[in-house]
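**Student:**
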Amino acid sequence: MKYYFRVLFFGAALAVSLAASAQYQWIDKDGRRVFSDRPPPADVPAKNILKQPHAARVPAQTLPVSAEALPEGAAAAKPVAAASAPGGVDKSLEEKKKQAEAAEAAKKKDAEAKQAAQKADNCKRAQEAKATLDSGMRIARLNANGEREVLDDQARAVEMKRAQDIISADCK
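Printed below as a string of structure tokens:
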């Protein structure tokens, strides 16, 4: 039984090492070594490709075509890389990024609108409270014990200052 596990383990290790050997290695334009499972971009010269899978080394067989058989300008056209664009730009990724930025901007605008509405409501309430305090009528409130108490001159002055501070901050 142990023998089968050893063989299985050895086979798995061999399969992993073979899969890992099918990697590309190249030196990019900044002189850094790049490891990837995808071929390098078209702008990387062949001399900078250090390692590539065996299947990629075998050149594709093409039929010889004379320059006269090609339409005008086709002889000068460069082949397009199938894996990625030379600039490495992914259109779907950029579209998702733009959508995320638009959603973030809409979220920010909504939060600013809510904050402005809250400030306007605070301003209105503070102005109403100040008008009530300025009227001179008796004002009562409930204390911590649930008992009703009438504001004296000192408490009225504190409440007037608090209302004025809110008006100064929120009413612009």
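At position 37 of the sequence shown (counting the first as 1) the number is 35 in my numbering, and the numbers step up by one without a gap.
Here a beta-carbon is modelled for each residue, glycine too, at the ideal position from N, C-alpha and C.
Bear in mind the structure is a predicted one, so any value in this text is a computation, not a measurement.
By DSSP, does R136 sit in helix, in strand, or in coil?
**Tutor:** DSSP places R136 in coil when its eight states are reduced to three.
**Student:** Which word fits L140, buried or exposed, when buried means at least 16 other C-beta atoms lie within 10 angstroms of its C-beta?
**Tutor:** That one is exposed.
**Student:** With DSSP run on the structure shown, which of helix, strand or coil describes V148?
**Tutor:** V148 falls in the strand class under three-state DSSP.
**Student:** Indicate the three-state DSSP secondary structure (helix, strand or coil) for K49 in the structure shown.
**Tutor:** Strand.
**Student:** Please confirm whether any heavy atom of the ligand COA lies closer than 7 Å to the CB of A98.
**Tutor:** In the structure shown, the ligand COA is absent, as is every other ligand, since no ligand is present at all.
**Student:** Are at least three pairs of beta-carbons, each pair with one atom in the segment 86 to 96 and one in the segment 124 to 131, less than 8 Å apart?
**Tutor:** Touching, no, given that fewer than three Cβ pairs across the two stretches are closer than 8 Å.
**Student:** Taking V32 as part of the beta strand (DSSP E), name the residues at either end of that continuous run.
**Tutor:** V32 -> beta strand (DSSP E) spans R31 to S34.
**Student:** In this structure, how does DSSP classify Q113 when only helix, strand and coil are distinguished?
**Tutor:** Here Q113 sits in helix by DSSP.
**Student:** Once the 5 residues before and after A118 are set aside, which same chain residues still bring their CB inside 8 Å of it?
**Tutor:** D168.
**Student:** May I ask you to report which of helix, strand or coil DSSP gives Q125?
**Tutor:** Of the three classes helix, strand and coil, the one that applies to Q125 here is helix, per DSSP.
**Student:** Please report the distance separating the alpha-carbon of R146 from that of A115.
**Tutor:** R146 and A115: Cα-Cα distance of roughly 33 Å.
**Student:** Taking the alpha-carbon of D149 as reference, which of K95, V5 and M135 has the nearest alpha-carbon?
**Tutor:** In the sequence as presented, Asp is not what sits at residue 149; that position holds Leu. Of K95, V5 and M135, the residue nearest in Cα terms is M135.
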